[in-house]
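Everything below concerns the one structure shown next.
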Amino acid sequence: MWTLNRYESLIYDIQATSSSIVSSNLVLQRRGKFYCWLVGKVQFAEGIRLEVTEALDFTTESFIRHYSYAVFRGDEKLYWYDSQAHPNELSLQSTHPHHKHIPPDIKHHRIPAPDLSFTEPNLPFLIQEIETQFYRPSAP
1 MWTLNRYESL IYDIQATSSS IVSSNLVLQR RGKFYCWLVG KVQFAEGIRL
51 EVTEALDFTT ESFIRHYSYA VFRGDEKLYW YDSQAHPNEL SLQSTHPHHK
101 HIPPDIKHHR IPAPDLSFTE PNLPFLIQEI ETQFYRPSAP
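Residue numbers (the working numbering): 1 to 140.
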């Protein structure tokens, strides 16, 4: 089970996990002994930015209560993830409520997000996805 101290170490050492990360201003805003918000941005090379919001409760195994992760290139929002439930959207049931918004019609075009979780940190996956998408050359 994740503790606040363990998660705090992950957050404040996040820049060391990837050479593509230029800076991070992620901060845990405590709301008591076991509750907090994680907010901020992780800036990558070439103008790629990950904006992060998480509501956290370290009294339960499902410590991530709600989240929103958005990826930008400059001012253009490329895609985002959120945990807003869409119980009537059958295509999302396999990973309910985790889903990703993608173009075209980014607000309404949603796909399942099997790699996101309420019980494990999502930032390592998100960073890996950004690196794969923007910084690793594709095979010929």
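No residue lacks a Cβ here, since even glycine has one placed at the ideal position from N, Cα and C.
Non-local C-beta neighbours of D57 in its own chain, meaning closer than 8 Å and more than five positions away in sequence, comprise F34, Y35, F63, R65, ordered along the chain.
Beyond the five residues adjoining it in sequence on each side, I130 comes within less than 8 Å, by CB distance, of S20, F44, I48, L50, V71 in the same chain, given in chain order. Where T60 is concerned, there is no enclosing alpha helix (DSSP H), because DSSP gives it neither an H nor an E. Beta-bridge annotation (DSSP): K41 is paired with E51. The residue among T59, Y81, D115, N25 with its C-alpha nearest the C-alpha of G32 is T59. A distance of 9 Å or more separates the beta carbons of Y67 and A85. Taking 9 Å as the cut-off, the Cβ atoms of L4 and L26 do not count as close. Looking at the DSSP output, Q29 bridges to W37. For R6, the enclosing alpha helix (DSSP H) begins and ends at 4-12.
Here I14 is buried, its C-beta having at least 16 other C-beta atoms within 10 Å. About 6 Å separates the CB atoms of L116 and Y81; that is less than 8 Å, so the two are in contact. The shortest CA-to-CA distance from V22 to any of Q128, Q93, K41 is the one to K41. Distance from the CA atom of S91 to the CA atom of K107, rounded to whole angstroms, is 15 Å.
In summary, R30 is exposed, with fewer than 16 beta-carbon neighbours lying within 10 Å of its beta-carbon over all protein chains present.
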